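The structure appears below as structure tokens.
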Amino acid sequence: MYIHKILLISLLSISARIEAVELNIHLAEPEHQSMLIEQLNKNNIPFKYEPSGNIKYPDKYYNDVTSLVRETIFNDLPSNRSIEYTSPQDRDKFINKLKESNIQYSIKHRDNGKWVIWEEKDSEKVKEITTLILHERMQELEKIH
């Protein structure tokens, strides 16, 4: 009987230690890190933010945190309202045209690129602007050849 109590206490102690396992996550983009912290707070997921930038959370929230990370990283670039120009000159030209047309925009940094995002209400005008830039680019290329 005494051995059973010791065994039970040992198992409970091991169980308590297993429940206390913490996982770490650190997102490379500071903007993503801030968005994740906001989502963790909204979803009442306990976490600790460390000076190193790591976010520690109990492993029982792994699936929840993984879902939030996916949402944070992949859902903040609207598929029909964002564009990335590989040419900085084309991107600057695009941004200048947005400014000339009084179109509000934001810039998101992703994977060493800059994505320009606009509001849904401006999509038709932006389509005209992108078509114009493409047309101008084609004319420039024709002059070269």
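Here the sequence shown is numbered in the numbering used here, starting from 10 and rising by one per residue. Idealized CB from N, CA, C, for every residue including glycine. Keep in mind it's a predicted model, so treat the numbers as computed, not measured.
- Among Asp120, Thr139, Ile34 and Lys57, which has the Cα closest to the Cα of Asn72? Start at 1 with the first residue of the sequence shown, and residue 72 comes out as number 63. Comparing alpha-carbon positions, the option among Asp120, Thr139, Ile34 and Lys57 lying closest to Asn72 turns out to be Ile34.
- Task: In angstroms with no decimal places, state the Cα-to-Cα distance between Pro97 and Asn89.
- Result: In the sequence shown, counting from the first residue as 1, residue 97 sits at position 88. In the sequence shown, counting from the first residue as 1, residue 89 sits at position 80. Cα to Cα, the separation comes out at about 21 angstroms.
- Message: Helix, strand or coil for Leu32? Go by DSSP, reduced to three states.
- Response: Within the sequence shown, the letter at position 23 stands for residue 32. Leu32: strand per DSSP, three-state reduction.
- Item | Terminal residues of the beta strand (DSSP E) in which Pro67 lies | Within the sequence shown, residue 67 is the residue found at index 58, counting from 1. Following the DSSP letters along the chain, one finds Pro67 inside the beta strand (DSSP E) bounded by residues Ile64 to Pro67.
- Those runs of the alpha helix (DSSP H) which lie wholly inside the stretch 37-80 and span at least 4 residues: Annotation: the stretch 37-80 contains the following complete segments of the alpha helix (DSSP H) (minimum length 4 residues), in chain order: 39-51.
- Message: For the stretch 54-72 against the stretch 98-112, do three or more pairs of beta-carbon atoms, one drawn from each stretch, fall closer than 8 angstroms, so that the two count as touching?
- Response: Segment contact: the stretch 54-72 against the stretch 98-112, fewer than three CB-CB distances shorter than 8 angstroms; contact not assigned.
- Query: Can you tell which of Glu145, Met147, Val135 and Leu143 has its C-alpha closest to the C-alpha of Ser91?
  - Reply: Translated into positions along the sequence shown, residue 91 becomes position 82. The shortest C-alpha separation from Ser91 is found at Val135.
- Item | Straight-line gap, Thr75 to Leu36 (C-alpha atoms, nearest Å) | Here residue 75 is taken as the residue at index 66 of the sequence shown, counted from 1. Here residue 36 is taken as the residue at index 27 of the sequence shown, counted from 1. Between Thr75 and Leu36, the C-alpha separation is close to 12 angstroms.
- Message: At a cut-off of 6 angstroms, would you count Gln113 as near the ligand ATP, judging by its Cβ distance to the nearest heavy atom?
- Response: Because no ligand of any kind appears in the structure shown, any question about the ligand ATP cannot be addressed here.
- Task: Could you tell me if Arg100 is buried or exposed, where buried requires 16 or more neighbouring beta carbons within 10 angstroms of its beta carbon?
- Result: For the purposes of this step, residue 100 is identified with residue 91 of the sequence shown, where counting begins at 1. Arg100 is classed as buried because its beta carbon has at least 16 other beta carbons within 10 Å across all chains shown.
- Report the rounded CA-to-CA distance for Asn63 versus Thr81, giving the unit in angstroms. Position 54 of the sequence shown, counting from 1, holds the residue named residue 63. Position 72 of the sequence shown, counting from 1, holds the residue named residue 81. The alpha-carbon atoms of Asn63 and Thr81 are separated by roughly 16 angstroms.
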